[in-house]
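Scroll down for the structure; my scribbles are underneath it.
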Amino acid sequence: MKVNVHFYGFVRDVVDTSRIAIETSRDISVRELLDLAAKRFGEALRERLLSGSGELQANVRVFVGEDETASLETPISDGQNGSTEVKVFVLSATAGG
2 MKVNVHFYGF VRDVVDTSRI AIETSRDISV RELLDLAAKR FGEALRERLL SGSGELQANV
62 RVFVGEDETA SLETPISDGQ NGSTEVKVFV LSATAGG
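Quick note: the sequence shown uses our numbering, first residue 2, plus one each step.
So, in structure tokens, the structure goes:
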């Protein structure tokens with residue numbers, strides 16, 4: 002299965018690209034996908050995306066296809082065309098006032 006990962010916002014300065022493709026031999030979870038990406042780009046990516054307890058940072062949004070997921074255990078399965086789109090957004094924190 003091919004997973005096309007798109008990076009937006011403040012994660013792009015860590016990965017220095019807007020899109021990567023990750024090949025896997027089986028369905029994986031969002032957590033496993035982010036682990037594979039962190040192996041490729043280093044701990045700076047993991048720190049940008051995940052908290053110390055291993056959960057998504059409050060300002061990170063992950064979409065599998067068109068649906069936002071709040072769980073790192075969400076499965077990513079093969080799409081109809083043999084690939085799946087995953088979008089990873091890291092939003093800037095804003096202050097009101």
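The beta carbon of each residue, even a glycine, is placed where N, CA and C say it ideally should be.
Start and end of the beta strand (DSSP E) containing residue i?
i      : result
Ala-22 : 20-24
Does DSSP put residue i in a helix, in a strand, or in coil?
i      : result
Asp-68 : strand
Gly-98 : Since pLDDT at Gly-98 reaches only 49, below the 50 mark, its modelled position is unreliable, and no value is offered.
Leu-73 : coil
Val-12 : coil
Arg-62 : strand
Glu-48 : helix
Quick one: what's got a C-beta closer than 7 Å to residue i's C-beta in the same chain, skipping five residues either side?
i      : result
Ala-59 : none
Just to confirm my understanding: we take residue i, look at its own chain, exclude 5 residues before and 5 after, and list those with CB closer than 8 Å. What are they?
i      : result
Thr-70 : Val-31, Val-63, Phe-64
Apart from the five residues on each side of it in sequence, which residues of its chain come closer than 6 Å, Cβ to Cβ, to residue i?
i      : result
Phe-90 : Tyr-9, Gly-10, Arg-62
Ile-29 : Ile-77
Measure how close the beta-carbons of residue i and residue j come, nearest whole angstrom, since I'm counting them as under 8 Å.
i      : j      : result
Arg-49 : Val-12 : 6 Å
Between which two residues does the alpha helix (DSSP H) holding residue i run?
i      : result
Asp-36 : 31-42
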